[in-house]
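Chains as they are written, first to last, in our numbering: chain A, 1 to 687; chain B, 688 to 1038.
Structure first, then comments.
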Amino acid sequence: MTAFGRSFVVSCVRAWPWLVVLALTALLLMQRAAYPHIIAYPDAWTLPIAEAVNVVMDGIVAGAQGVTRAISGGLNVVFSGVQFFLTGAPWVVSVCLFALIAWQGGGWRLAALTVALLFYVLISGYWIPAMNTLSLVLVALPLSVLIGFGIGYLGYRSERARRIIMPMLDLMQTIPAFAYLIPILLLFGFGPVVGLIASVVFAVPPMVRNTILGFQRIPPAVLESARMSGCSRPQQFVWAEFPSAMPQMLIGVNQTTMAALSMVIIAAIIGGFEDIGWEVLSAMRKAQFGHSLLAGIVIVILAILLDRVSSAYAARQLPGASHVGLSLRRFALVLGAALGVAAVAALLLPALWVWPETRVFFPAQVINQATTDFLLAYGDVMAALKNSVQFYVLLPVKLGFERAIVPFTWGITFTPGMKTTYWIVTLICAAAAFGLNRWKTGVAILVMAGFFYFGATGLPWASVFLLITLVAFQVGGRRLALLAAGTVIYLLINGLWPQAMLSVYLCFVAVLMCIFFGGLIGIWAASSDTVSGIIRPINDMLQTLPQFVLLIPALMLFQVGDFTALLAIIAYAIVPMIRYTEHGLRSVPGTLIDAGLSCGCSSWQLFWQVRLPQSLPQILIGINQTVLYGLGMLVIAALVGTTGLGQAIYVALGEANAGAGLVAGLGMALIAMTADRILQAVIRKQN
Amino acid sequence: MTNQAVPKLSVRDLWKVYGPNPKRLVSGDFRNMTLAEQLDHVRSQEHFVAAADVSFDVYEGQIFVIMGLSGSGKSTVLRAISRLDEPTCGQVFLDDTDLLAAASRELIEIRRHKMGMVFQSFGLLPHLDVVQNVAFPLKAQRRPRSERRAHARKMIELVGLKGKETAYPHELSGGQQQRVGIARSLAVEPELWFLDEPFSALDPLIRAQMQDEFLRLQTQLNKTIVFVTHDFLEALKLADKICIMKDGEIVQIGSPAEIVLHPADDYVREFIGDVPLANVLRAEDVMSPPWKDGETHPSVARDSILEDAIKLFDEKTETVDVTDNDGSVLGSLHPLEVIRSLYHDAPEANS
Chain A
1 MTAFGRSFVV
11 SCVRAWPWLV
21 VLALTALLLM
31 QRAAYPHIIA
41 YPDAWTLPIA
51 EAVNVVMDGI
61 VAGAQGVTRA
71 ISGGLNVVFS
81 GVQFFLTGAP
91 WVVSVCLFAL
101 IAWQGGGWRL
111 AALTVALLFY
121 VLISGYWIPA
131 MNTLSLVLVA
141 LPLSVLIGFG
151 IGYLGYRSER
161 ARRIIMPMLD
171 LMQTIPAFAY
181 LIPILLLFGF
191 GPVVGLIASV
201 VFAVPPMVRN
211 TILGFQRIPP
221 AVLESARMSG
231 CSRPQQFVWA
241 EFPSAMPQML
251 IGVNQTTMAA
261 LSMVIIAAII
271 GGFEDIGWEV
281 LSAMRKAQFG
291 HSLLAGIVIV
301 ILAILLDRVS
311 SAYAARQLPG
321 ASHVGLSLRR
331 FALVLGAALG
341 VAAVAALLLP
351 ALWVWPETRV
361 FFPAQVINQA
371 TTDFLLAYGD
381 VMAALKNSVQ
391 FYVLLPVKLG
401 FERAIVPFTW
411 GITFTPGMKT
421 TYWIVTLICA
431 AAAFGLNRWK
441 TGVAILVMAG
451 FFYFGATGLP
461 WASVFLLITL
471 VAFQVGGRRL
481 ALLAAGTVIY
491 LLINGLWPQA
501 MLSVYLCFVA
511 VLMCIFFGGL
521 IGIWAASSDT
531 VSGIIRPIND
541 MLQTLPQFVL
551 LIPALMLFQV
561 GDFTALLAII
571 AYAIVPMIRY
581 TEHGLRSVPG
591 TLIDAGLSCG
601 CSSWQLFWQV
611 RLPQSLPQIL
621 IGINQTVLYG
631 LGMLVIAALV
641 GTTGLGQAIY
651 VALGEANAGA
661 GLVAGLGMAL
671 IAMTADRILQ
681 AVIRKQN
Chain B
688 MTNQAVPKLS
698 VRDLWKVYGP
708 NPKRLVSGDF
718 RNMTLAEQLD
728 HVRSQEHFVA
738 AADVSFDVYE
748 GQIFVIMGLS
758 GSGKSTVLRA
768 ISRLDEPTCG
778 QVFLDDTDLL
788 AAASRELIEI
798 RRHKMGMVFQ
808 SFGLLPHLDV
818 VQNVAFPLKA
828 QRRPRSERRA
838 HARKMIELVG
848 LKGKETAYPH
858 ELSGGQQQRV
868 GIARSLAVEP
878 ELWFLDEPFS
888 ALDPLIRAQM
898 QDEFLRLQTQ
908 LNKTIVFVTH
918 DFLEALKLAD
928 KICIMKDGEI
938 VQIGSPAEIV
948 LHPADDYVRE
958 FIGDVPLANV
968 LRAEDVMSPP
978 WKDGETHPSV
988 ARDSILEDAI
998 KLFDEKTETV
1008 DVTDNDGSVL
1018 GSLHPLEVIR
1028 SLYHDAPEAN
1038 S
């Protein structure tokens, strides 16, 4: 027997579970015409879990409503107070207040930025909605911070509590926020307070994480020196532990602020209330793109302000801070004096109280016109771009070559001859891989060929179940296989299979594009400081903005549909790919590069044989993050008309159907967790 | 002068055992077993012995150095004495108080007034400046602000950091940070001064400088000191008494000369291998009874190192006298004994 033949046999033996599953799949696919349930999971085999959840939920709501309504009533009072002040106070007083807070945290430059951005808000005419949104954030923030600190400190002190808290945090961050909007809605009734409570819940995890981290990272010697100095337990906490954990906790406050803002904006979906998220959403629904863009810019401004100010306060705590600000008492005095002067000025001059209508600059019509003109002028280019992505990428993944290649899309018919050729080429490639002792490559070729031929929606559910479980088992062992199998079964028995596959398909394409383009940008940024300097603020921006805002430009240019959703997902999920690729490549030790160069590597060889393999673990982490970001954004992208689990949650939200929403939301979370754990296992194997 | 009669700090039968249930293991008739039985008893039950049956005395004004490699239990002992970690059993007397029996309130009071500790990684509070860090133990005592600041400034001057009062820890070099740590540990004017590898994180040059500083401070302050190090040369340089530990047990306790001249076993002998003995041994360590041949000999002080004494020998001089502070002759040095002692070949009974 030749070496090739021997390798081929060995590979077949090694790959036997895969070959069995693939053979079974082929068998199922041949029979699919006769038995449609091979592809479509039969309805009769589903369980009414969502309905059961609703029954339980109704019980909880009936029992807890007294308490929850009291809470929402209380919060409403607090919120109304803050709202009354921020919307009722003269704008000059508010601007003074924010500018001084900014100055105290970050000095003159931050104060100037704050004033400039707030003037834009005034000029745009969105002052009142912006202040409404800000009121929600400002009420949610201290609650989140306090709750997060309490839970985090508990987690720091008690190992047992931490073992419960950490998985809860993971779950909370993978379940789409929409999904738990519904129970909150049922429990706390309608109105702005629901958004408030949802924000509090959504914004707690980063505070918890950073609190635990901050306390855990205190060097033991610091605590011991406090003990040896004769501190009592309370003194130790107040004078040593708390201040030492402070810088990290302020980073938590910054992240919590951004999460609260993001959620306040999204919560507009359930609350018809004059806040800036609602302005954007209703404008989008009416296809008033000019309005939505202008209001979207106000959201961006709020995000920048909240981010910069809260991170300035965090940076101020770090050793070596350049700006320290005034002592608390003096700051209060200055603040009081300045606000007094501003208030008197506003009393004397009405234009300082309410921004005059005549000074509002609202070029929505101009933007609409410009968009229309642009689309008229470049419509064919845009359509060509959209169509080619749709025809050559999206459709094949969704429907498979089998159904995607038709004269309307590809301009050709997928003839039986071509089909046969496709499979013969595939089999030859796979056999070659087997013969070269690379059975994993061979199996990958077969699986991918099948996936692209039949499409995400045309695969037998039983095969997907087996394949995913097998992958999970091979990379991560029995427990991971159980998680993967459980996820698929969960989706099947809840009747969510078609939606899940649609979500997976869109996310898959988005992730592939992120890996490709993000990887390229990351490589570019790693090789040029200029590019890196340009990319970094853009990345920061894309990550701090409420995800919702990313939909606006995509929607303006490409209307509702999968392609628009794809763009929005990529815009959000490409960031970690770029960051980790650049970071991985940049952190390859200089000695390794020197060693490579001294071995006579060309720069091309250096890249492929030294830098890329060295940075692979980092890049894999980037891919993992990209997958999670993609799945997270998928739900938001449902607003621009995708089908899939996101849409299922969104529809449930519209019907206030807690069961359906939670079941679909948990489905998303399970998919995200399975993907995450599988990728983590791969990363562990790499290291 | 040191009071040799009554120890200031006395450690008796101290054990530190890690494992699922260390307290149970050392109860019952554990007291009546031999050390070997005790160790077998504890180790056979999946427990780890970090410190076994440690006993020693430290006298007032003495620098007691516990020396050992990592995992030898040296830090464990210090942390048990200071009760940063609770020992499994044993007694630690500071004068007449049993520290291990002190209730937490009492312990806090003892720490506030009688103990100071210096840490290897400094343990400075990052959000406080130098004055605030040094004044921190006084703040715990609730002394008035002006008083504690004034006192802290005095301590800062003592350790040679005048001018750095308003700096923050991250603005200081490692050596400077440890000076702050030292000033802080001295702020309460403790009777007991604990130093846990205080100079190990510093560069060699800075380390040597800090060691000299430390000795200078001690001549001024005359504290009772327990000093932990893994550096044998540092131990020889600083110690009045050295305690060598291995695997949680004490291998040998003695003055530097005793250790060098009479190592207890091969383990200790290995440490001595690289030691420049001529710099460690003093004239009084190797002298023999006064050589009275009626002639006058060149003389050296009793605490001169041998390197200096050797220079006095020449073709005509075969005897060097060793004199006390008042000039009286305590004994004599002969070339053969000196050479023997330098080659680890201890002269017979010189005490």
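Cβ coordinates follow ideal geometry from the N, Cα and C atoms, glycine included.
This one's a predicted model, so the numbers in the text were calculated from it and none came from an experiment.
Query - beta strand (DSSP E) runs wholly inside the segment 816-885 of chain B, at least 3 long, in chain order - result: 879-883
Query raised in the report: Is the segment 755-767 of chain B touching the segment 933-953 of chain B, taking contact as three or more C-beta pairs under 8 Å?
Result: yes
Query raised in the report: Per DSSP, Q778 (chain B) is paired with what?
Result: Here residue 778 (chain B) refers to the residue found at position 91 of the second sequence. Bridge partners of Q778 (chain B): B:R699.
Report task. Starting from the beta carbon of P219 (chain A), find every residue of chain B whose beta carbon is closer than 8 Å, and list them in chain order. Result -> As a position in the first sequence, residue 219 (chain A) is number 219, starting the count at 1. Ordered by position in chain B, the residues that pass the 8 Å Cβ test against P219 (chain A) are S808, G810.
Requested in this report: Run down chain A in chain order and give the residues with a C-beta less than 7 Å from the C-beta of I795 (chain B).
Outcome: Stepping through the second sequence from its first residue, residue 795 (chain B) is reached at position 108. Chain A residues near I795 (chain B): G230, S232.
**Report entry** Environment of N387 (chain A) [buried if 16+ CB atoms lie within 10 Å]
**Finding:** Here residue 387 (chain A) refers to the residue found at position 387 of the first sequence. That one is exposed.
Report task. Just grab the DSSP bridge partners of A738 (chain B) for me. Result -> Start at 1 with the first residue of the second sequence, and residue 738 (chain B) comes out as number 51. Answer is B:K703.
Requested in this report: Excluding the 5 residues preceding and the 5 following V846 (chain B) in the sequence, name in chain order all residues of the same chain whose CB lies nearer than 7 Å to its CB.
Outcome: In the second sequence, the residue the question calls residue 846 (chain B) occupies position 159. Once the five neighbours on either side are set aside, the close Cβ partners of V846 (chain B) are R866, I869, A870.
Report task. Tell me where the beta strand (DSSP E) around K440 (chain A) begins and ends. Result -> Position 440 of the first sequence, counted from the start, is the residue given in the question as residue 440 (chain A). Premise fails: K440 (chain A) lies in the alpha helix (DSSP H), 439-454, not in any beta strand (DSSP E).
Report task. Ignore the nearest five residues each way along the sequence and tell me which others in P694 (chain B)'s own chain have a CB closer than 7 Å to its CB. Result -> Walking along the second sequence from the start, residue 694 (chain B) turns up at place 7. Same-chain partners within the cutoff: D744, V745, Y746.
**Report entry** Nearest residue (CA-CA) to Q675 (chain A), options A:T487, A:A658, A:P546
**Finding:** What you label residue 675 (chain A) is simply residue 675 of the first sequence in a count that begins at 1. For the sequence presented, residue 675 (chain A) should be read as Ala rather than Gln. A675 (chain A) has its Cα closest to that of A:T487, out of A:T487, A:A658, A:P546.
**Report entry** Terminal residues of the beta strand (DSSP E) in which F273 (chain A) lies
**Finding:** Stepping through the first sequence from its first residue, residue 273 (chain A) is reached at position 273. First-last for F273 (chain A): undefined, no H or E at that position.
Query raised in the report: Which whole-angstrom value describes the C-beta separation of G455 (chain A) and R403 (chain A), a residue pair presumed to lie in contact below a C-beta threshold of 8 Å?
Result: The residue given as residue 455 (chain A) occupies position 455 in the first sequence. The residue given as residue 403 (chain A) occupies position 403 in the first sequence. That pair is a contact at about 6 Å.
**Report entry** Sequence-distant residues of its chain with Cβ nearer than 6 Å to E1035 (chain B) (five each side left out)
**Finding:** Residue mapping note: residue 1035 (chain B) aligns to position 348 of the second sequence, counting from 1. Because E1035 (chain B) sits at a pLDDT of 46, beneath the cut-off of 50, its placement in the model cannot be relied upon, and the point is left open.
Query raised in the report: Which full runs of the alpha helix (DSSP H) of 4+ residues lie inside the segment 630-654 of chain A, going along the chain?
Result: 645-654
Query - Helix, strand or coil at D307 (chain A) according to DSSP, with G and I counted as helix - result: As a working note, residue 307 (chain A) is residue 307 in the first sequence. In the structure shown, D307 (chain A) sits in a helix (DSSP, three-state: H, G or I).
Query raised in the report: Can you name the residues of chain B whose CB is closer than 7 Å to the CB of E224 (chain A)?
Result: Translated into the one-based positions of the first sequence, residue 224 (chain A) becomes position 224. Simply L771, F806, G810.
Requested in this report: Residues of the segment 816-831 of chain B with a CB closer than 8 Å to any CB of chain A: list them in chain order, please.
Outcome: F823, P824, K826, A827, Q828
Requested in this report: Determine, using beta carbons only, whether Y705 (chain B) comes closer than 9 Å to chain A.
Outcome: Position 18 of the second sequence, counted from the start, is the residue given in the question as residue 705 (chain B). Not an interface residue.
Query raised in the report: What does a CB cutoff of less than 7 Å around R730 (chain B) pick up in its chain, not counting 5 residues either side in sequence?
Result: Translated into positions along the second sequence, residue 730 (chain B) becomes position 43. Cβ neighbours of R730 (chain B) beyond the five flanking positions: V736.
Requested in this report: For M131 (chain A), I'd like the list of residues in its chain whose CB is within less than 8 Å of its CB, leaving aside the five on either flank, ordered along the chain.
Outcome: Stepping through the first sequence from its first residue, residue 131 (chain A) is reached at position 131. Cβ neighbours of M131 (chain A) beyond the five flanking positions: Q83, L86, T87, S94.
Report task. Indicate whether the contact test is met: 3 or more Cβ pairs, each with one atom in the segment 166-186 of chain A and one in the segment 661-678 of chain A, closer than 8 Å. Result -> yes
Query raised in the report: Does the beta-carbon distance from A449 (chain A) to W410 (chain A) come in below 9 Å?
Result: Counted from its first residue, the first sequence places residue 449 (chain A) at position 449. Counted from its first residue, the first sequence places residue 410 (chain A) at position 410. No, these two residues do not count as a Cβ contact at 9 Å.
**Report entry** Short CB-CB distance (under 9 Å) between F914 (chain B) and chain A
**Finding:** Within the second sequence, the letter at position 227 stands for residue 914 (chain B). So no, F914 (chain B) is outside the interface.
Query raised in the report: Should V200 (chain A) be counted as a contact of the ligand FAD given a C-beta to heavy atom distance under 8 Å?
Result: Here there are no bound small molecules, and the ligand FAD is not part of this structure.
Query - Within chain A, partners of M842 (chain B) - CB distance below 9 Å - result: The sequence position of residue 842 (chain B) within the second sequence is 155, counting from 1. What M842 (chain B) touches in chain A: nothing, since even the nearest Cβ is about 13 Å away.
Query raised in the report: If you check the beta carbons only, do G522 (chain A) and T457 (chain A) fall under 9 Å apart?
Result: Here residue 522 (chain A) is taken as the residue at index 522 of the first sequence, counted from 1. Here residue 457 (chain A) is taken as the residue at index 457 of the first sequence, counted from 1. It is not a contact, given that the beta carbons lie outside the stated cut-off.
**Report entry** Residue from A:L427, A:N437, A:A33, A:G435 with nearest C-alpha to V447 (chain A)
**Finding:** Position 447 of the first sequence holds residue 447 (chain A). Residue A:L427 is the option with its Cα nearest to V447 (chain A).
Requested in this report: Just the chain B side, please: which residues come within less than 9 Å of A240 (chain A) by C-beta, in chain order?
Outcome: Looking up residue 240 (chain A) in the first sequence gives position 240. What A240 (chain A) touches in chain B: L812, F823.
**Report entry** Buried versus exposed call for M418 (chain A) [16 or more other C-beta atoms within 10 Å across all chains shown]
**Finding:** Taking the first sequence and counting its residues from 1, the one referred to as residue 418 (chain A) is at position 418. Counting Cβ neighbours within 10 Å, M418 (chain A) comes out exposed, since fewer than 16 surround it.
**Report entry** Straight-line Cα distance separating C514 (chain A) from V389 (chain A)
**Finding:** Walking along the first sequence from the start, residue 389 (chain A) turns up at place 389. Walking along the first sequence from the start, residue 514 (chain A) turns up at place 514. Their Cα atoms are separated by approximately 14 Å.
Query raised in the report: Unbroken alpha helix (DSSP H) runs of length 4 or more, entirely within the segment 297-352 of chain A: which are they?
Result: 328-348
Query raised in the report: Between L993 (chain B) and T911 (chain B), what straight-line distance do the alpha-carbon atoms span, to the nearest angstrom?
Result: Here residue 993 (chain B) refers to the residue found at position 306 of the second sequence. Here residue 911 (chain B) refers to the residue found at position 224 of the second sequence. Distance between the alpha carbons of L993 (chain B) and T911 (chain B): 28 Å.
**Report entry** F507 (chain A) burial status per 10 Å Cβ neighbour count (16 or more: buried)
**Finding:** Taking the first sequence and counting its residues from 1, one reaches residue 507 (chain A) at position 507. A quick correction: the sequence has Cys, not Phe, at residue 507 (chain A). C507 (chain A) should be labelled buried.
Query raised in the report: Helix, strand or coil: which one does DSSP assign to C930 (chain B)?
Result: Along the second sequence, read from residue 1 onward, the residue named residue 930 (chain B) stands at position 243. C930 (chain B): strand per DSSP, three-state reduction.
Query raised in the report: Among B:H800, B:G748, B:P1022, B:L771, which one has its Cα closest to the Cα of R227 (chain A)?
Result: Along the first sequence, one-based indexing puts residue 227 (chain A) at 227. Looking at the Cα atoms, B:L771 is the closest of the given residues.
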